[in-house]
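Asks: I am attaching a structure below and will ask some questions about it afterwards.
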Amino acid sequence: MDHFDFDEMMDLFAEIEAAGSDERMASLGLAELPGDLDSTDRQEESSAETLTPMQIGTPLSESPPLLPLPSEPTYSISNTFNPELAMGGQTPNVVLLSTDCVLFYTHTSSLLAESKKQFNALLSPDVLENIKRTKSSGPPWLIMMPEDSALLNIVIHNVYKMRCDQFNPLLKTLLDAVGALKTYGTPVHHFLYRHIISETPRSPMDVYLVAAENNLETFAVTSSAQLLSLSLPSITDEMVKRMGSLYFKRLVTLHIQREQSLKHLLQDPPAQHPETAACGAVESQRLTGAWMFTVATMLGDLRPVGLLGRTFGALKEEEGCDVCKGSQSESTTNRPGLVDDSQTHHLGGDSTWHPVTRHTMTLSILTN
């Protein structure tokens, strides 16, 4: 649907006002007919005497309703990247304007130092020459950016190597920033990397997809540790397209190797102890039978590592004497593939995820 802009709206108002003039009324087909005006007036008076007043439709109000006019945009300035921000004794000389009218005061020296693409050609030599020419005679150079303020804020904080977790951005915004940084030829720095890693458990597949699209090995390895419970048939064609053949193959291979490793770990039941008065051969065989039944059931539906550990832990509550239970517990503990998920990654006190290399099963064990 078409919309009036401000100029068109003002033209419309002027046209309505002009409609009161004779010339304008003629152009609109409202001009009076030529002839005897007195005769016409008499005819109108006669008609008024014989006609009964009648209301047709909805009566017009005395004043027409106000038309909504486009409001002037409201501009705001970033709290961090403001006109007072000095870097190396230099004040900002370029302002980045987001799509939602937030101004970020920055320095060309800082932007170019981190970019391999002249900040996606926004700071080409010609632009830099114009910035130098206007620096002493006017306000900083203004560049309109395609990102909104939430996304642009993350991008600029990364360029300046500043933390941005205090803003609590969404994981989607953080991942969008990775793509934007690639566009501007800027690497992902430490603070942004740690922030994304801390948010990975919320949606590890989204992190893996962005890692694959941008060939970020570290993100791929970290997020793959959270994808052990993924059902491979749930991967859509769109996901495969985003991953590409290499990262899709590595993810599938990870799941295949995990299944093979678990089968190898579980092929031998716990060792049986010598017969005692309280637990003879029959009782000892119960633990072995329960173990084999659990293995056969579990291999048909491989679940997250933590659930596997808890499944075998439940056997201690059901079968055998204390020696049998101790043997089963020791057998589980000595098979690292059955440890809890927290042994792969755990949430530390500083709210970041720390990899624990022991018994970790991620893409890092696979070759390209």
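Oh and the sequence shown: position 98 is 1005 in this note's numbering, straight run, nothing missing. Ideal placement from N, C-alpha and C gives every residue a C-beta, glycine not left out.
1) The alpha helix (DSSP H) that contains VAL1147, what's its start and end?
2) Can you grab the Cα-Cα spacing for the pair ILE1061 / PRO1140, in whole Å?
3) Over what stretch of residues does the alpha helix (DSSP H) that includes VAL1095 continue unbroken?
4) Quick one, which of ASN986, LEU1135, ALA1028, LEU1049 has its alpha-carbon nearest GLN1164's?
5) Whose C-alpha, out of ALA1084, PRO990, ILE1104, GLN1073, is nearest the C-alpha of LEU1049?
6) Select from VAL1147, PRO1047, ILE1103 the residue whose C-alpha is nearest the C-alpha of ASP1072.
7) Inspect the CB distances between the stretch 1076-1089 and the stretch 1117-1124 and report whether three or more fall short of 8 angstroms.
8) Under the rule that 16 or more other beta-carbon atoms within 10 Å means buried, what is LEU1077, buried or exposed?
9) Quick check on DSSP: helix, strand or coil for GLN1179?
10) So, with DSSP's three-state summary, where would you put THR1015?
11) Following the continuous alpha helix (DSSP H) through LEU1081, name the residue where it begins and the one where it ends.
12) What span of residues does the alpha helix (DSSP H) with LEU1059 cover, start to end?
13) Would you say PRO1047 and TYR1012 are within 8 angstroms of each other, going by their C-beta atoms?
14) Please say whether ASN1065 and GLN1096 have beta carbons closer to each other than 8 angstroms?
15) Please identify the residue among TYR1115, GLU1054, MET1051 whose C-alpha is closest to the C-alpha of ILE1142.
16) Can you give me the start and stop residues for the alpha helix (DSSP H) that MET1112 sits inside?
17) Taking the alpha carbon of HIS1162 as the point to measure from, which residue in SER1152, SER1131, SER1110 has its own alpha carbon closest?
18) Quick one: what's ILE984 bridged to in DSSP?
19) Return the Cβ separation of THR1006 and ASP1055 in integer angstroms, given the expectation that the two are a contact with Cβ distance under 8 angstroms.
20) Please confirm if ILE1050 has its CB atom under 8 angstroms from at least one CB of chain C.
21) Is the beta carbon of ASN1000 closer than 8 angstroms to that of HIS1014?
22) Checking the sheet assignment: what are the DSSP bridge partners for VAL1001?
23) Does DSSP put MET1069 in a helix, in a strand, or in coil?
24) Would you mind working out which of ALA993, CYS1008, VAL1002 sits nearest GLU979, comparing C-alpha positions?
25) Is the Cβ-Cβ distance between SER1191 and GLN1179 less than 8 angstroms?
26) Suppose contacts are defined by Cβ-Cβ distances below 8 angstroms. Is LEU1059 in contact with LEU1018 by that definition?
27) Return the residue from the list GLY996, LEU1010, GLY995 that minimises the CA-CA distance to ASP983.
28) Do PRO1176 and MET1199 count as a contact pair if the criterion is CB distance below 8 angstroms?
Replies: Answer, in terms of the structure:
1) 1144-1173
2) 35 angstroms
3) No alpha helix (DSSP H) holds VAL1095; DSSP gives it neither H nor E.
4) LEU1135
5) PRO990
6) ILE1103
7) yes
8) exposed
9) coil
10) helix
11) 1078-1090
12) 1056-1066
13) yes
14) A small fix is needed here, since residue 1096 is His in this sequence, not Gln. Yes. Within cutoff.
15) TYR1115
16) 1111-1121
17) SER1131
18) LEU1010
19) 5 angstroms
20) In the structure shown, chain C does not exist; there is a single protein chain.
21) yes
22) THR1013, TRP1048
23) coil
24) CYS1008
25) yes
26) no
27) The sequence shown places Ser at residue 983, rather than the Asp named in the question. Checking every option, the nearest Cα to that of SER983 belongs to LEU1010.
28) yes
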